[in-house]
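Contents: one structure, followed by commentary.
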Amino acid sequence: MAKWVRLLSRPTGASSQWHVLAIDNEFAVANALCGERLPSAVEVAPDKDRTEREGRCPKCETGLAAKESEALTGVAPRSL
Ligand SMILES: [Zn+2]
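Each residue of the sequence shown is one higher than the last, beginning at 35 in our numbering.
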């Protein structure tokens with residue numbers, strides 16, 4: 035199950051898109067799938083509907099789709 039997060043404190047005008055955590059570990063300073071670095075202060079999405087309403091990072095969505103198809107087929111995609 036993917037975890038959608040977004041930065042708690044953002045500079046004015048910065049996008050408030052939801053990102054997918056690359057590693058599901060609350061204690062690690064994590065990166066998003068798109069490569070965005072996430073500091074410890076992040077907000078975790080309560081449900082998927084909210085991320086859809088408020089906007090998702092397109093790169094993270096693509097990355098998540100790849101991960102999910104990998105999990106379904108059991109075949110790892112070739113590295114790009
Ligand atoms: Zn992202």
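Using N, Cα and C, we set each Cβ at its ideal position, and we do this for glycine too. Computed from a predicted structure; not experimentally measured.
Nonlocal neighbours in the same chain, by C-beta distance under 7 Å from residue i, ignoring five residues either side
{"i": "A64", "result": "L55, A56, I57, L72"}
Cα-Cα separation between residue i and residue j, rounded to whole angstroms
{"i": "R87", "j": "G108", "result": "31 Å"}
{"i": "Q51", "j": "R40", "result": "7 Å"}
{"i": "S103", "j": "E95", "result": "12 Å"}
C-beta contact flag for residue i and residue j at 8 Å
{"i": "E77", "j": "H53", "result": "no"}
{"i": "K93", "j": "C68", "result": "yes"}
{"i": "L42", "j": "A66", "result": "no"}
Per-residue DSSP class, three states only, for residue i
{"i": "R84", "result": "helix"}
Neighbourhood of residue i by C-beta distance below 8 Å, restricted to the same chain and skipping five residues each side
{"i": "A79", "result": "K37, W38, V39, R40, W52, T85"}
{"i": "L98", "result": "A36, V54, L67"}
{"i": "K82", "result": "W38"}
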